[in-house]
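Colleague:
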Amino acid sequence: MTGKKHKVWAVGAVRPAKATEAEKQEIIGACEVFIYGVLKPRFLPEIRPTNWNYVVDIHGVWAAGRYRFIQRYRSGMAHNAGEEFDAPFARINRMGPDNFDIYWMRHTGQWWRLHTGVTLAEALHILETDGILHPV
Numbered sequence: 226m227t228g229k230k231h232k233v234w235a236v237g238a239v240r241p242a243k244a245t246e247a248e249k250q251e252i253i254g255a256c257e258v259f260i261y262g263v264l265k266p267r268f269l270p271e272i273r274p275t276n277w278n279y280v281v282d283i284h285g286v287w288a289a290g291r292y293r294f295i296q297r298y299r300s301g302m303a304h305n306a307g308e309e310f311d312a313p314f315a316r317i318n319r320m321g322p323d324n325f326d327i328y329w330m331r332h333t334g335q336w337w338r339l340h341t342g343v344t345l346a347e348a349l350h351i352l353e354t355d356g357i358l359h360p361v
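According to our numbering, the sequence shown is numbered sequentially starting from 226.
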């Protein structure tokens, strides 16, 4: 062996574009209005405890150019009653000024890109109308 390194081309994930603080706050604000005005009234009008895991909240988190939509679950099972955990169900990635990609969280735990190159308003409309992106 000569010790030479071979370069390999591979398709990687496209990283979100960095947002200014003002853009970030605008995105977060629009997503929170969407959560409280659309998602919660439609998918969590009341908390219904069960003997299994049940949804107690829908919220969102901004991180690294992405806004994730998350359901908070509480366990009703005897061995871990009251324990809570988060499960993301959709996210938008900021790819540029008013340019977003929309991802869906598959049951395998992998993000799957469903829509590309949409505005923030279009992204929120798609999240509202595309059933695969709805909380479970």
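The beta carbon of each residue, even a glycine, is placed where N, CA and C say it ideally should be.
Buried or exposed: A348, going by 16 or more other Cβ atoms within 10 Å of its Cβ?
Modeller: A348 comes out buried.
Colleague: CB-CB under 6 Å to V281, same chain, minus the five flanking residues each way: which ones, in chain order?
Modeller: Answer for V281: I272, R297 and R299, listed in chain order.
Colleague: For A312, which residues does DSSP report across the bridge?
Modeller: DSSP output for A312 lists Q296 as bridge partner(s).
Colleague: Could you give the uninterrupted runs of the beta strand (DSSP E) lying entirely in the segment 239-288, keeping only those of 3 residues or more?
Modeller: Listed in chain order, the complete beta strand (DSSP E) runs (minimum 3 residues) inside the segment 239-288 are 278-288.
Colleague: Here's the rule I'm using: 16 or more other beta-carbon atoms within 10 Å means buried, otherwise exposed. How should D311 be labelled?
Modeller: Exposed, since its Cβ has fewer than 16 Cβ neighbours within 10 Å.
Colleague: Does the pairing of the segment 312-325 with the segment 260-274 give three or more beta-carbon distances under 8 Å?
Modeller: Touching, no.
Colleague: Residue ranges of each beta strand (DSSP E) run of no fewer than 3 residues wholly in the segment 314-356, ordered along the chain?
Modeller: For the segment 314-356, whole beta strand (DSSP E) runs of length 3 or above, ordered along the chain, are 324-330 and 336-343.
Colleague: Exposed or buried, which one is Y279 when buried takes at least 16 other CB atoms within 10 Å?
Modeller: With fewer than 16 Cβ atoms within 10 Å of its Cβ, Y279 is classed as exposed.
Colleague: Thinking C-alpha only, which one of P274, K243 and G356 is nearest A289?
Modeller: Here the closest residue by C-alpha is K243.
Colleague: Alpha carbon to alpha carbon, how far is L339 from L358?
Modeller: One C-alpha to the other measures close to 9 Å.
Colleague: Tell me the rounded alpha-carbon separation between T354 and N305.
Modeller: Distance between the alpha carbons of T354 and N305: 35 Å.
Colleague: So, at 7 Å on beta carbons, what are the nonlocal neighbours of R319 in its own chain, with the 5 sequence-adjacent residues on each side left out?
Modeller: P241, A242, A244, I252, G290 and F325.
Colleague: Report, in whole angstroms, the separation of the C-beta atoms of V361 and F314, which I expect to be a contact under 8 Å.
Modeller: Sure, about 7 Å apart at Cβ, within 8 Å.
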